[in-house]
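J.: This is the structure, below, for whatever I ask next.
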Amino acid sequence: MTLAQIPYVLVIESDENLAHKLAYDLKKVGYNPVEAHSAIIGLQYSQEYEPALIIVDRLLTGGSGISLCKKIRHHGNTSPILILMSRDEVEDRVACLEAGADDYCLKPYCSEDFLQLVKLYLQPSTNTSEQLCFGNLLLNTNTRRASLNKRTIDLTMKEFELLKYFMEHPHEVLTRGQILEHVWGYDFMGESNVIEVYIRYLRLKIENGGGRRLIQTVRRVGYVLRDS
Numbered sequence: 005m006t007l008a009q010i011p012y013v014l015v016i017e018s019d020e021n022l023a024h025k026l027a028y029d030l031k032k033v034g035y036n037p038v039e040a041h042s043a044i045i046g047l048q049y050s051q052e053y054e055p056a057l058i059i060v061d062r063l064l065t066g067g068s069g070i071s072l073c074k075k076i077r078h079h080g081n082t083s084p085i086l087i088l089m090s091r092d093e094v095e096d097r098v099a100c101l102e103a104g105a106d107d108y109c110l111k112p113y114c115s116e117d118f119l120q121l122v123k124l125y126l127q128p129s130t131n132t133s134e135q136l137c138f139g140n141l142l143l144n145t146n147t148r149r150a151s152l153n154k155r156t157i158d159l160t161m162k163e164f165e166l167l168k169y170f171m172e173h174p175h176e177v178l179t180r181g182q183i184l185e186h187v188w189g190y191d192f193m194g195e196s197n198v199i200e201v202y203i204r205y206l207r208l209k210i211e212n213g214g215g216r217r218l219i220q221t222v223r224r225v226g227y228v229l230r231d232s
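Residues 5 to 232 (the working numbering) make up the sequence shown, in order.
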């Protein structure tokens, strides 16, 4: 693999010592790290380098990591985003996910935990190409792209996993607990509207501007993918 083929991993971290450590560990296992030490440069690099993965510290010079995630998503970047943060509270996790992040890694920094998470998002798929279908809605599990009536739909990592889960269980009512466990792998305690946020994202993308509702709400239970 040439240098040009090695995936870029963008590290947006104001603490230069930590940024260097992250970059060193990434390079050691075969990735091509790019450092940005402020939110402004991070946003710029997220467009210039087209990174395969973006690491964002929640606390940044020139803006918060949460705000930066929202801006990255607003500019159309669908690369997985991992947030570095110090607290593991429900509201912190939810805030990250609602901002468009796919996952988070806790401080103090642990190389092994961090690299395992990176590998989860960057390891190449060993499965043969599979296409899930639901009416005119198609989902390619290798490219992680959907299409509806020949219109290509780009998805973030979590949007893809959520839609895939629905398309693997059409016409089956999925509870909020099942969705959280399968898509996020977390047992959220208390109230969380992260599912509602991502359902809204998917509806905007796959229901084609006011078309028929595919992901339907089942009150007090969960959601179901059906065409009726």
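Just so you know, even glycine gets a beta-carbon here, dropped at the ideal spot from N, CA and C.
#1: Nearest to Ile-59 by CA position, among Leu-121, Val-201, Gly-66, is which residue?
#2: Can you list, in chain order, the residues of its chain with a C-beta nearer than 8 Å to that of Gln-135? Leave out the 5 residues immediately preceding and following it.
#3: Please list, in chain order, all residues of the same chain as Leu-47 whose beta carbon is under 8 Å from its beta carbon, the five residues on each side excluded.
#4: Checking contacts by CB at 8 Å: is Ser-115 closer than that to chain D?
#5: Starting from Gln-135, trace the beta strand (DSSP E) in both directions and tell me its first and last residue.
#6: Only counting the same chain, and skipping five residues up and downstream in sequence, which positions put a Cβ closer than 7 Å to that of Glu-211?
#7: Which ranges does the beta strand (DSSP E) cover as unbroken runs of at least 3 residues, wholly within the region 68-134, from first to last along the chain?
#8: Quick check on the DSSP output: the beta strand (DSSP E) that includes Tyr-227 runs from which residue to which?
#9: Give me whichever residues DSSP pairs with Ser-151 in a beta bridge.
#10: Assuming Tyr-169 is part of the alpha helix (DSSP H), what are its boundary residues?
#11: Which residues in the same chain as Pro-174 place their Cβ atom closer than 6 Å to its Cβ, once the five residues preceding and following it in sequence are excluded?
#12: Would Leu-88 pass as a contact of Lys-123 if the rule is Cβ separation under 8 Å?
#13: Let me check understanding here. Comparing Cα to Cα, which of Arg-91, Leu-14, Leu-22 lies closest to Pro-84?
#14: Exposed or buried, which one is Ser-50 when buried takes at least 16 other CB atoms within 10 Å?
#15: Measuring only the C-alpha atoms, how far is Val-98 from Asn-197?
#16: Exposed or buried, Thr-160, counting other C-beta atoms within 10 Å across all chains shown (16 or more means buried)?
T.: In terms of the structure at hand:
#1: Taking the sequence shown and counting its residues from 1, the one referred to as residue 59 is at position 55. Among Leu-121, Val-201, Gly-66, the Cα nearest to that of Ile-59 is on Leu-121.
#2: As a working mapping, residue 135 is identified with position 131 in the sequence shown. Contacts found: Leu-142, Leu-143, Asn-144, Thr-145.
#3: Looking up residue 47 in the sequence shown gives position 43. Answer for Leu-47: Leu-72, Lys-75, Ile-76, His-79, listed in chain order.
#4: Structure shown: chain D not included; a single protein chain is present.
#5: For this step, residue 135 is matched to residue 131 along the sequence shown. Start and end: 135-138.
#6: Start at 1 with the first residue of the sequence shown, and residue 211 comes out as number 207. These residues qualify, in order along the chain: Arg-217, Leu-218.
#7: 85-89, 107-110
#8: The residue labelled residue 227 in the question sits at position 223 within the sequence shown. 226-229 is the span of the beta strand (DSSP E), which, as asked, contains Tyr-227.
#9: Mapped onto the sequence shown, residue 151 falls at position 147. Beta-bridge pairing links Ser-151 to Leu-142, Thr-156.
#10: As a working note, residue 169 is residue 165 in the sequence shown. For Tyr-169, the uninterrupted alpha helix (DSSP H) segment begins and ends at 161-172.
#11: On the sequence shown, position 170 is the one that residue 174 refers to. So the list reads Phe-138, Leu-229, once near-sequence residues are dropped.
#12: Here residue 88 refers to the residue found at position 84 when the sequence shown is read from its first residue. Here residue 123 refers to the residue found at position 119 when the sequence shown is read from its first residue. It is not a contact, given that the beta carbons lie outside the stated cut-off.
#13: The residue labelled residue 84 in the question sits at position 80 within the sequence shown. Residue Leu-14 is the option with its Cα nearest to Pro-84.
#14: The residue you call residue 50 lines up with position 46 of the sequence shown. Buried is the call here.
#15: Translated into the one-based positions of the sequence shown, residue 98 becomes position 94. Translated into the one-based positions of the sequence shown, residue 197 becomes position 193. Taking the straight line from one Cα to the other gives about 8 Å.
#16: For the purposes of this step, residue 160 is identified with residue 156 of the sequence shown, where counting begins at 1. Buried: at least 16 other Cβ atoms inside 10 Å.
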